[in-house]
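Heads up: the structure comes next, in structure tokens.
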Amino acid sequence: MRRKSTSRVLIFAIVCLSAIIAARAEDSSVKASLVDVRDGKPPLKFHGVRLTIENKQERPTWIVLPYWGERSLPAKGIFPLDEHDGPGFGGKGFVGEGGSAVEVLMYGGEGFRAFRLPGKGSLQLDGYEIESWKEIDAIDVIEARELKVNGKTPLEKWLPYATTSDAKVKVGSQQLNVDWKNLDWDAKKSKSRTDYPTEKVEKVVAEDFRVFKVKIEKMK
């Protein structure tokens, strides 16, 4: 009798979990529509997509993608940073219709690519390239309230440049892949900027987050 009750509880839990996952997939804040696939140095692939991000929260939110498209994002939301030269981060600035957007890249460890949107903000990137070492049809995404350097300092306060995109921005392929601004470059000194904190970065920790998978759909 006890074994039968345990089985029923387990089945009920699985059904509930499946419903939660399905609801989250349907309510996804990220959509990716495939534009094209280009070959790099084998077996590298460049998946050009229209990436649409919508922050459904009232507060600012980080949307995090894997640095390499086929990689999984950490279930515990902890990104270790290996030994590296420089601060371990990169920044790209884009100017589009409706304002500007910023992509933050973490180079060390497994790495990530992240966008910070204001409350109820939206971002559309046409021709965004997802790099991978094989064909992919979906990517992992983390939606997080905070990304904290060493679990303490919010990433947007640690980095020496603004990271939050404007409220409603659309960025075209030319601005995204050609005319972007290197936020790590000091134009006045003609060298990489040196105004990063001196703190050694060992990890970046996501707080109040969820992990979900986004299918790369064919462009309609």
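Residue numbers (the numbering used here): 1 to 220. Quick reminder that beta carbons are idealized off the backbone N, C-alpha and C, glycines included.
Candidates Lys189, Val201 and Gln174: which alpha carbon is nearest Gly48's? Taking the sequence shown and counting its residues from 1, one reaches residue 48 at position 48. Per the Cα distances, Gln174.
Does the structure place the region 133-143 close enough to the region 88-102 that three or more beta carbon pairs sit under 8 Å? no
At what residues does the alpha helix (DSSP H) containing Glu156 begin and finish? One-based indexing of the sequence shown puts residue 156 at position 156. Its alpha helix (DSSP H) spans residues Leu155 to Trp158.
For Lys31 and Ile53, what's the separation of their Cα atoms in angstroms? What you label residue 31 is simply residue 31 of the sequence shown in a count that begins at 1. What you label residue 53 is simply residue 53 of the sequence shown in a count that begins at 1. Lys31 and Ile53: Cα-Cα distance of roughly 7 Å.
Considering only the alpha carbon of each residue, which of Val37, Arg38, Val104 and Leu123 lies closest to Leu51? Mapped onto the sequence shown, residue 51 falls at position 51. That would be Leu123, whose Cα lies nearest to the Cα of Leu51.
According to DSSP, simplified to helix, strand and coil, what is Ser192? Start at 1 with the first residue of the sequence shown, and residue 192 comes out as number 192. Strand, per DSSP.
Pick out the complete alpha helix (DSSP H) segments inside the region 123-171, 4 residues or longer, and give them in chain order. 155-158
Between the region 108-118 and the region 64-77, can you find at least three pairs of beta-carbon atoms closer than 8 Å? yes
Counted within 10 angstroms of its Cβ, other Cβ atoms place Gly40 as buried (16 or more) or exposed: Numbered from 1 along the sequence shown, position 40 holds the residue referred to as residue 40. Only exposed fits Gly40, as fewer than 16 other CB atoms lie within 10 angstroms of its CB.
Quick test of your reading: Val204 and Leu155, contact by CB under 8 Å. State the CB separation rounded to the nearest angstrom. Counting from one through the sequence shown, the residue named residue 204 turns up at place 204. Counting from one through the sequence shown, the residue named residue 155 turns up at place 155. Their Cβ separation, rounded to whole angstroms, is 7 Å, which keeps Val204 and Leu155 in contact under 8 Å.
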